[in-house]
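Protein chains in written order, with my numbering: chain A, 3 to 337; chain B, 4 to 346.
Built from N, CA and C at the ideal position, the CB exists for glycine as well.
Presented below is the structure to which this report refers.
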Amino acid sequence: MLSFTIRRLLTAIPTLLLISLVIFLLVDLAPGSPLSDVPLTVPPEVRQKMLEAMGADQPVMVRYLLWLKQFFWIEPLYGIDALFGTDFAQGAQRIISWQSKVPVFQIIGERLPQTLTVVGTAYLIGVLIALPIGIYSAYRQYSWFDQAGTFFAMAGFSVPTFFTGNLLILIFAVNLGWFPTIYDTNLEVVDWASFKEMLAQMALPVTVLALFNAAEISRYTRSSVLENLGQDYVRTARAKGMGEGRVVLKHVLRNSLIPVVTVVALGLPTVFGGAIVTEQIFKINGIGAALIGAINVSDLPTVQTVTFIFAVLIVLFNLIADILYGILDPRIRYD
Amino acid sequence: MTLGGLYMPDGAEPVLDVRGLKTVFKTRGGEVHAVNSVSFHLRPGELLGVVGESGSGKSVTMMSLIGLLPSPPAEVRAGEVLLGGRDLLKLSPRDLQAVRGAKVGFVFQDPMTSLNPVFTVGNQIMEPLIKHMGMTKPQAEQRAAELLALVGIPDAKKRLKSYPHQFSGGMRQRVMIAIALACDPDVLIADEPTTALDVTIQAQIIELVKDLRQKLGMAIVWITHDLGVIAGIADRVMVMYGGQVVEQAPVRELFTNPRHPYTRALLKTVPSLTGERAARLEVIQGQPPLLLGAPVACPFRARCAHAFDRCEAENPQRRAVDGLPVGQGHDVACHWTPEAAHG
């Protein structure tokens, strides 16, 4: 397993390098200028000076190589310095956002907690409600519970989050006034009252995202459990006199989880980036919102860095899914 | 007829007594009567062979006994299944669970898929021991190792930690037998246990079961469509067709004096190794019947060379051939008799 992991990590390097180049070129080729939000009254020579100051006048390859060096060498040094109070980085140039002129990793550090709180909670809740629903739907196939589950999964999966989000806002925030429409990033949980406030402002976005995630995962769970319920080993377990609970939750579930784990693990990176739309609707000042903002003003370093981090996460969770496979299914051995 | 010495005298109480079992599958096309008033019994230590072609109701009968059929669509509609003085059909699901695996062991056809691929063999053998015998884990492990050794798997203690995919087909069937025998059942139901195995492994499994039967003394129901196997191991044979028992007799009697046209046809299909080679293999012409609706006629009439008017009008009941009560000696469910043919 260890040698497999190391081998996979090593093969991930060329993949990631290629991805980083493609992202860089795509973002660079996209129309727009980093100065698009600078007033037109600013004279051309000043604009030129600003471009030079940002390094945006350099050729693409130079900027790409510089970014590579900063991402893989200088930023980790800053990370180590921040952790251990050392001074390895010695003031080297970091990846700076063209828009806000602060280090991109600082922006990420500020935005990520909101995203993780809202989207992470939603994903967790989504998985936790999807598994029992999927298992029970399969166990009682074509029952009214299964029919209802199928209907809601279909609806939840096919109706986009920007629609359900606005619908919930209209019903529960505007008409009923139970929840706020806007997520207050500055709210700090210090006591019971602020905790309740936090829950109230998380309720709508978490519901929207959890429903969407649960819809997808419950479908996968259902079909996987269904497939396994018909297997011969289930009959064997029953013939041994095992109770239905043990048959389903031990024998069937362990086998059924194998494909579900992939879906859940590969869906996890979307926690970090995929909830972009929902963050926009609920005005959550998260990483997705930061990315959209950066794209709007052609803030190339921010877009490049954040997108690349998503790519790294996807490669990483792919690996984690493969490792979990090996743990769940003894037939898969990597060595 | 001098049959006295051919079968065991009926002294002991049967361990398993099935009376008038009826199982119906509800489908969109109507009710499929898969098991029709099947009665049989099993004496202690006896090996009953059940033969018939695919779809004749052999497996469904055995699965009905013990509540292993999915319901819906299956429904056990009538009958009694007496095991140890209790009617299994009247037990609650929970009580029935306590019987399955403890009093009745099952071995299925395909050892490649019958074991759970993600749990160790030891884990799967220990499960019924812990549940039915109330053993602790170390006790169960000890017993599981003994069982593996009993079914002829070398290095048993170490093999407990292996997964099914690390065993060959024959070995897996041995593991299945170990699971079925784990709690010392009174009855072992072997549902075509050698069909999925190649011939040499088949022979090994049959030898193993013969051997275990002598050591442990349980009664066995052996379902198969291989008459050769039956001839080698069974005490008594029950021939099924269209969800009914069409003939039942001690094994030698059945092979020497088959009464039902279906049994005769079946025996003819067995290719002979000696003598002249037949130009073509014998087959029974036609298709097995669809069992839609309750039976009103003989299920074999369409393929039967002897069929006459009565077969169309009335489903034959089992009748004794040798004067002994039905089920005890030789009985057949057929209207036709040689006398009738000559007369």
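(1) Mind pulling the alpha helix (DSSP H) runs of 4 or more residues that sit fully within the region 99 to 123 of chain A?
(2) Given residue 37 of chain A, which residues of its chain have a CB within under 6 Å of its CB, disregarding the five upstream and five downstream residues?
(3) At the 8 Å Cβ level, is residue 319 of chain B part of the contact set with chain A, yes or no?
(4) So what does DSSP say about residue 136 of chain A, is it helix, strand or coil?
(5) Say whether chain A places a C-beta atom closer than 8 Å to the C-beta of residue 175 of chain B.
(6) Compute the distance between the beta-carbons of residue 304 of chain A and residue 106 of chain A, then report whether it is under 8 Å.
(7) Show which residues of chain A have a CB atom less than 7 Å away from the CB atom of residue 130 of chain B.
(8) Evaluate the contact criterion for the region 242 to 250 of chain B versus the region 44 to 59 of chain B: three or more CB pairs, one atom per stretch, below 8 Å.
(9) Leaving out five residues before and five after residue 185 of chain A in sequence, what residues of the same chain have Cβ atoms less than 8 Å from its Cβ?
(10) Could you give the C-beta distance for residue 90 of chain A and residue 97 of chain A, rounded to a whole number, given that I count them as a contact under 8 Å?
(11) Just to confirm, are residue 119 of chain B and residue 235 of chain A a CB contact at a threshold of 8 Å?
(12) Tell me, please, whether the CB atom of residue 261 of chain A is closer than 8 Å to any CB atom in chain B?
(13) Tell me residue 252 of chain B's beta-bridge partners as DSSP assigns them.
(14) So the beta strand (DSSP E) residue 77 of chain B belongs to, where does it begin and stop?
(15) Would you verify that the beta carbon of residue 318 of chain A is, or is not, closer than 8 Å to some beta carbon of chain B?
(16) Going along chain A in order, which residues have a C-beta closer than 9 Å to the C-beta of residue 223 of chain B?
(17) For the region 4 to 88 of chain A, which segments carrying the alpha helix (DSSP H) assignment without a break, of at least 4 residues, lie completely within its bounds, in sequence order?
(18) Please classify residue 333 of chain A as buried or exposed, where buried requires at least 16 neighbouring CB atoms within 10 angstroms.
(19) Say whether chain A places a C-beta atom closer than 8 Å to the C-beta of residue 162 of chain B.
(20) Taking all protein chains shown into account, do 16 or more other C-beta atoms lie within 10 angstroms of the C-beta of residue 8 of chain B, making it buried, or fewer, making it exposed?
(21) Let me check understanding here. Comparing Cα to Cα, which of B/123, B/84 and B/160 lies closest to residue 168 of chain B?
(22) Which residues, in chain order, does the region 109 to 124 of chain B contribute to contact with chain A at a C-beta distance below 7 Å?
(23) Using beta-carbon positions only, say whether residue 36 of chain B and residue 297 of chain B come within less than 8 Å of one another.
(24) So is residue 104 of chain B in contact with chain A if we call contact Cβ pairs under 8 Å?
(25) Listing by chain order, which chain A residues have their CB less than 9 Å from the CB of residue 166 of chain B?
(26) Around the C-beta of residue 230 of chain B, are 16 or more other C-beta atoms found within 10 angstroms, so that it is buried, or is it exposed?
(27) Taking only the alpha-carbon atoms, compute the straight-line gap between residue 272 of chain A and residue 140 of chain B and give it to the nearest angstrom.
(28) Consider the Cβ of residue 264 of chain A: report whether some Cβ of chain B lies at a distance smaller than 8 Å.
(29) Would you kindly check if the distance between the Cβ of residue 239 of chain B and the Cβ of residue 261 of chain B is under 8 Å?
(30) Rounded to whole angstroms, what is the Cα-Cα separation between residue 154 of chain B and residue 20 of chain B?
(31) Name the two residues that bound the continuous beta strand (DSSP E) containing residue 164 of chain B.
(32) Roughly how many angstroms lie between the CA atoms of residue 74 of chain B and residue 254 of chain A, to the nearest whole one?
(33) Please look up how many angstroms separate the CB atoms of residue 63 of chain B and residue 30 of chain B, rounded, as I've assumed it's under 8 Å.
(34) Using only alpha-carbon positions, find the residue among B/201, B/202 and B/149 that is nearest to residue 180 of chain B.
(35) Here's a check: name, in chain order, each residue in its chain whose Cβ is nearer than 6 Å to the Cβ of residue 103 of chain B, leaving out the five neighbours to either side.
(36) Can you tell me whether residue 11 of chain B is buried or exposed, with buried defined as 16 or more other CB within 10 angstroms of its CB?
With the given structure in hand:
(1) Counting whole runs of 4 or more residues, the region 99 to 123 of chain A contains the alpha helix (DSSP H) stretches 106 to 117.
(2) Correct list, in chain order: 49.
(3) False, the Cβ-Cβ gap to chain A never drops below 8 Å.
(4) The three-state secondary structure of residue 136 of chain A, taken from DSSP, is helix.
(5) No, its Cβ sits nowhere closer than 8 Å to a Cβ of chain A.
(6) It is a contact, given that the beta carbons lie within the stated cut-off.
(7) Listed along chain A, the residues sitting closer than 7 Å to residue 130 of chain B by beta-carbon distance are 242 and 244.
(8) Segments in contact, yes.
(9) Closer than 8 Å at Cβ, skipping near neighbours: 116, 120, 203, 204, 207, 284, 285, 286 and 287.
(10) Your pair residue 90 of chain A and residue 97 of chain A does not check out as a contact, with CB atoms roughly 17 Å apart and the cut at 8 Å.
(11) Between residue 119 of chain B and residue 235 of chain A, the C-beta gap is smaller than 8 Å, which places the two residues in contact.
(12) No - not a single Cβ of chain B is within 8 Å of the one on residue 261 of chain A.
(13) Under DSSP, the beta-bridge partners assigned to residue 252 of chain B are B/240.
(14) 77 to 86 is the span of the beta strand (DSSP E), which, as asked, contains residue 77 of chain B.
(15) False, the Cβ-Cβ gap to chain B never drops below 8 Å.
(16) Near residue 223 of chain B there are no residues of chain A at all, since even the closest Cβ is about 15 Å away, more than 9 Å.
(17) Within the region 4 to 88 of chain A, the complete alpha helix (DSSP H) runs of at least 4 residues are 4 to 31, 46 to 56, 62 to 71 and 77 to 86.
(18) Residue 333 of chain A comes out exposed.
(19) No, residue 162 of chain B does not count as interfacial toward chain A.
(20) Summary for residue 8 of chain B: the model assigns pLDDT 36, below 50, so the residue's position carries little reliability, and this model does not support an answer.
(21) Out of B/123, B/84 and B/160, B/123 has the C-alpha closest to the C-alpha of residue 168 of chain B.
(22) Contact annotation: in the region 109 to 124 of chain B, residues whose CB is within less than 7 Å of a CB in chain A are 109, 111, 113, 116, 117, 118, 119, 120 and 121.
(23) The Cβ atoms of residue 36 of chain B and residue 297 of chain B sit closer than 8 Å to each other.
(24) For residue 104 of chain B, the answer is yes, since a Cβ of chain A falls inside 8 Å of its Cβ.
(25) At a C-beta separation below 9 Å, residue 166 of chain B has these neighbours in chain A: 332 and 333.
(26) Residue environment analysis places residue 230 of chain B among the buried positions, since at least 16 neighbouring C-beta atoms fall within 10 angstroms of its C-beta.
(27) If you draw a straight line from the Cα of residue 272 of chain A to the Cα of residue 140 of chain B, it comes to about 43 Å.
(28) Chain B contact via Cβ: absent.
(29) Between residue 261 of chain B and residue 239 of chain B, the gap from beta carbon to beta carbon reaches 8 Å or more.
(30) Approximately 28 Å, taken between the alpha carbons.
(31) Looking at the DSSP string, residue 164 of chain B is not in any beta strand (DSSP E), and its letter there is neither H nor E.
(32) For residue 74 of chain B and residue 254 of chain A, the distance between alpha carbons rounds to 18 Å.
(33) Contact between residue 63 of chain B and residue 30 of chain B fails: their C-beta atoms lie close to 14 Å from each other, not under 8 Å.
(34) With distances taken between Cα atoms, residue 180 of chain B lies closest to B/149.
(35) So the qualifying residues of the chain are 69.
(36) Residue placement at residue 11 of chain B is flagged as unreliable, the pLDDT there being 45, under the threshold of 50; a coordinate-derived value is accordingly withheld.
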